[in-house]
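Engineer:
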Amino acid sequence: MADAAAIDALLARMTLAEKIGQLNLVTPGGDTLTGAVVNSDVAEKVRTGRIGSIFGVKSVAAARGFQTLALQSRLGIPLLFAEDVIHGHRTIFPLPIGLAASFDPDLIRRTARIAADEASACGIDQVYAPMVDVCRDPRWGRIAESPGEDPYLASRYAAAMVEGFQRDDLTRADAVMACLKHFAGYGAPAGGRDYAGADMSPARLHDVYLPPFRAGVAAGAGSVMAAFHALNGIPMHAHRRLIAGWLRDTLGFDGLLVADYTGVAELVAHHVAVDGAAAARLALGAGIDLDMVSELFLDTLEAAVAAGEIEEGLVDQACRRVLRAKARLGLLEDPFRRIDRDPAGQRLVTRANRRVARATVADCSVLLSNGAGLLPLSPRSTVALIGPLADDRVNMSGTWAVSSRPSDVVTIRAGIARALQGTGRLIHAKGCHLVEDAVLAARLNVHDGQEKSVPDDPRSAEALLEEALAAARRADVVVAVVGEAKDYSGEGASRLDLRLPAPQLRLLRALKASGRPLAVVVLTGRPLVLVEEAGLADALLVAWFPGTEAGNGLADVLFGEAEPAGRLPATFPFHEGQITVAYGEPPTGRPFRDRFEKFRTGYVDMPDRVPHDDGLFPFGFGLSYTRFAYGPARADRAVLRPGESVEVSVAVRNVGPRAGREVVQLYLSPPPGPIARPRLILRRFVKLQLRREAEAVARFRLSHADFAASAAETVGDAAEWVAPGPYRLLVGPHSRALHGVTVVVEPLPGPVRGL
Ligand code: BGC
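Residue numbers (this note's numbering): 1055 to 1809.
(1) What is the DSSP secondary structure of Trp1775, counted as helix, strand or coil?
(2) Which partner residues of Pro1442 appear in the DSSP bridge assignment?
(3) Using a Cβ-based criterion (distance less than 7 Å to any ligand heavy atom), does Lys1652 qualify as near ligand 1?
(4) Suppose you measure from the CA of Thr1602 to the CA of Asp1659; what does that come to, to the nearest Å?
(5) Return yes when at least one heavy atom of ligand 3 lies under 7 Å from the C-beta of Tyr1542, else no.
(6) Ends of the alpha helix (DSSP H) at Phe1120?
(7) In chain order, what residues of the same chain lie with their CB nearer than 7 Å to the CB of Ala1609, ignoring the 5 residues before and after it?
(8) As a quick exercise: from Arg1104, Phe1120, Thr1102, pick the residue whose alpha carbon is nearest that of Gly1110.
(9) Tell me whether His1236 counts as near ligand 1, meaning its Cβ is closer than 7 Å to at least one heavy atom of that ligand.
(10) In whole angstroms, what separates the C-alpha of Glu1651 from that of Gly1537?
(11) Verify whether the separation of the beta carbon atoms of Ala1379 and Met1231 is less than 8 Å.
(12) Any idea what DSSP makes of Tyr1542, helix, strand or coil?
(13) Name the one or two DSSP bridge partners that Cys1233 has.
(14) Using three-state DSSP, classify Gln1743 as helix, strand or coil.
(15) How close, in whole Å, do the beta carbons of Gly1246 and Arg1193 come, if the pair is a contact with beta carbons under 8 Å?
(16) What do you reckon, are the CB atoms on Phe1135 and Ile1108 nearer than 8 Å?
(17) Going by other Cβ atoms of all chains shown within 10 Å of its Cβ, with 16 needed for buried, is Gly1103 buried or exposed?
(18) Let's see if you can read the secondary structure: which residues bound the alpha helix (DSSP H) around Pro1265?
(19) Can you look up Gly1152 in the DSSP assignment and give me helix, strand or coil?
(20) Quick one: is Val1768 buried, meaning 16 or more other Cβ sit within 10 Å of its Cβ, or exposed?
(21) Please classify Ser1548: is it buried, with 16 or more other beta-carbons within 10 angstroms of its beta-carbon, or exposed?
(22) Could you check what DSSP says for Asn1093 in three-state terms: helix, strand or coil?
(23) Quick check on Tyr1206: does DSSP put it in helix, strand or coil?
(24) Looking at the structure shown, is Gly1558 part of a helix, part of a strand, or coil, going by DSSP?
(25) What do you reckon, are the CB atoms on Asp1248 and Arg1190 nearer than 8 Å?
(26) Under 8 Å between the Cβ atoms of Ala1816 and Ala1773?
(27) Determine the direct distance from the alpha carbon of Ser1507 to that of Asp1353, and round the result to whole angstroms.
(28) How should Glu1701 be labelled, buried or exposed, when 16 other C-beta atoms within 10 angstroms of its C-beta is the threshold for buried?
(29) So does Met1231 have its beta carbon nearer than 7 Å to some heavy atom of ligand 1?
(30) Counting only runs of 4+ residues fully inside the region 1486-1544, write out the alpha helix (DSSP H) ranges in chain order.
(31) Note the first and the last residue of the continuous beta strand (DSSP E) segment covering Gln1719.
(32) Grouping DSSP H, G and I as helix and E and B as strand, with all else coil, what is Thr1225?
(33) Do Val1785 and Leu1792 count as a contact pair if the criterion is CB distance below 8 Å?
(34) Using a Cβ-Cβ cutoff of less than 8 Å, which residues in the same chain neighbour Ala1358 once the five nearest sequence positions on both sides are dropped?
(35) Of all the options Ala1229, Glu1356, Asp1530, His1293, which has the alpha carbon lying nearest to the alpha carbon of Thr1436?
(36) With 16 other CB atoms within 10 Å as the buried threshold, where does Ala1597 fall?
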């Protein structure tokens, strides 16, 4: 790898225009554009050193062509190729929210490693992932890409993804540079509307939204992407205090800061810049290194330097970071190291990769109910497989699977047919349309070419239902596969109504009325409001969007070859009106008790069977095919001083009928203090694999620093404090079923500013 002196020497040979060229990041266009603009004259600009990085090049041949042109530019600085590789590249794993549901950082790391292997085999150097936006508003479609509502789970996810992508050594040809996104607070848009601003206190930003960025940077992430929205009124592409301040100065992040798609140009629409030139100055000044798609750095910075409106040193600094990233990736030594890796495409969608993808489906699937032990099903049954997603390829990979191919997907129908082969019988019927509203269908088909995610189907709703009921009557059990179309969640896909689309609910009602046992598999990119569905289903399984091996993976779960071992990474609300909703919110002076009371927090129009300050299905929840019994929690000390650590342990025993996995969770419940903290804060978890009747002890070590919280007075302020006093350390299977011990935490020495 080129050292700092070599990079400085290269920089010294560059003209201002060449340096600015390195800051220009473009896309030549392709299938999945997320904005209206596409860059033009890309080849010519590459040849003349006016482009430094490209994303969205859909073939190795095209990458080779662009790289060859880059080497013909005056200094022959190679291009860096990037792509959105969010939950797998060609082999698609469950959606990020599903991967988070695994509560299994080793598994998450493994999926990222496979994604890195496949992406680098396609010539890609940098991936725009992981997305680590904590989100407590399931109306926001991008919760599909997010690790959910909890900062600690999101932090573990962030670190595991970065480690998997980067593999400790970015010069490895099979490693890619990670990009943490979207910095910061993008998961809290007003009203759940994508791109809308977020307003929050500095302490909330630091305690809830920034921890995964901190964890990702600590894991060595080479780049970070700015978010589209404005935080407390300041667009993130101009947020000097958070980018140049907290991220670079406080955390010491020295990697690349990438703009989002036309994010620099959008500073004008945000109303903080009068024109494109002002937008470019603001963004560069805030610490943005790469201008994605806007090309405003390219078009305006040279004149701005000449006019003395910005210092050339800022351009130098950004360019140095770009060159350093290229050096870290080994591109300065060998520009073709990833382009040449796999000329025959042999590393893509391999059997081994499929095996991991298949197993991951069970790890991420969350069993929400299983009345009378309906699941797992017997492979000797006659199964009526019904629903608009039961025989579907196009939707299985969900949102942000830009390099996936529907032809690689194993449909649920195919997977179940294989599982029943030679033993049982499968009858299939579609049952209903995914959605019936033509305007909605057109909106959901926005990204599809030939194959639509909401396909045209001339059959009437009545005919589809009749066929489904006939199938149900001939079967022992009905498996209904229902849910969202893939673009019902994702970017620019906020929803008002989080129930299943109307035709699918009608289908479930009719299937229930048929009297056959009903297992409902929900495919979704977000927590849905499943109140009626929970009442109709004898068993309810959420499988997110399961990816390439959807069919085999789900068949494994349904027939008990594998356990549904996921737990909810985000609360499933009772009603959209509760949103935002999460387990870890600060208490009120008039907390909800166990029923509605006038002048206490709650809703007059909500029944008492669900806590009004929590969801229908709480954070961390998920059943298994076996049962676990918890012993008492123990702590190895009663008092914790600064510099010390405490071990909390709990014995967990499998007391059910078969082997299974349990996610043991540890939460803090802080004592009273001058800043109210949430009643529960997740601090550790571990996934245990236990044979029938086996017992294991889950041990969690917490340091004094694990009790810290933000004491920030401004968003850039990294101040922390530890509230002294008795903490409850609570363990259990989910956020609403906990028991624990008390440990007294002593304060850090010295006064805490402002408290
Ligand atoms: C998204 C980013 C993505 C970029 C490039 C934007 O619309 O917000 O997450 O990386 O497009 O595709």
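Glycine is no exception: its CB is placed at the ideal position from the N, C-alpha and C atoms.
Structural biologist: Looking at the atomic coordinates:
(1) Judged by DSSP in its simplified three-state form, Trp1775 adopts strand.
(2) Answer is none; Pro1442 lacks a bridge partner.
(3) Because no heavy atom of ligand 1 lies under 7 Å away, the Cβ of Lys1652 does not count as near it: no.
(4) Going from the Cα of Thr1602 to the Cα of Asp1659 covers about 42 Å.
(5) Annotation note on ligand 3: not contained in the displayed structure, which lists ligand 1 as its ligands.
(6) Membership of Phe1120 in the alpha helix (DSSP H) is indicated by the continuous run 1114-1125.
(7) So the list reads Gly1469, Ile1470, Arg1472, Ala1473, once near-sequence residues are dropped.
(8) The shortest C-alpha separation from Gly1110 is found at Phe1120.
(9) Distances taken from the Cβ of His1236 to the heavy atoms of ligand 1 include one shorter than 7 Å.
(10) In this structure, the alpha-carbon of Glu1651 lies about 35 Å from that of Gly1537.
(11) Their beta carbons are under 8 Å apart, which means Ala1379 touches Met1231 by this criterion.
(12) Tyr1542 carries a helical assignment under DSSP once its states are collapsed to helix, strand and coil.
(13) Bridge pairing for Cys1233: Ser1277 [DSSP].
(14) Reduced to three states, the DSSP call for Gln1743 is strand.
(15) Right, their Cβ atoms sit about 3 Å apart.
(16) Contact flag set, yes.
(17) That one is buried.
(18) First-last of the alpha helix (DSSP H) with Pro1265: 1265-1272.
(19) The three-state secondary structure of Gly1152, taken from DSSP, is helix.
(20) The amino acid at residue 1768 is misidentified as Val; the sequence shows Thr. Exposed is the call here.
(21) Label assigned to Ser1548: buried.
(22) In the structure shown, Asn1093 sits in coil (DSSP, three-state: anything other than H, G, I, E or B).
(23) In this structure, Tyr1206 counts as helix in the three-state DSSP scheme.
(24) Looking at the sequence shown, residue 1558 is not Gly but Gln. Of the three classes helix, strand and coil, the one that applies to Gln1558 here is helix, per DSSP.
(25) No, the Cβ-Cβ distance between Asp1248 and Arg1190 is not below 8 Å.
(26) Outside the displayed range of the chain (1055 to 1809) lies residue 1816, so it cannot be described from this structure.
(27) Answer to the nearest angstrom: the Cα atoms are 39 Å apart.
(28) Exposed, because fewer than 16 other Cβ atoms sit within 10 Å of the Cβ of Glu1701.
(29) Because no heavy atom of ligand 1 lies under 7 Å away, the Cβ of Met1231 does not count as near it: no.
(30) If one requires a minimum length of 4 residues, the alpha helix (DSSP H) runs lying completely within the region 1486-1544 are 1492-1498, 1515-1527, in chain order.
(31) Run containing Gln1719: 1714-1723, per the beta strand (DSSP E) assignment.
(32) The three-state secondary structure of Thr1225, taken from DSSP, is coil.
(33) Cβ distance < 8 Å, so Leu1792 and Val1785 count as in contact.
(34) The answer, listed in chain order, is Ala1331, Ala1334, Arg1335, Ile1364.
(35) Per the C-alpha coordinates, the member of Ala1229, Glu1356, Asp1530, His1293 positioned closest to Thr1436 is Asp1530.
(36) The residue in question, Ala1597, is buried, as its Cβ has 16 or more Cβ neighbours within 10 Å.
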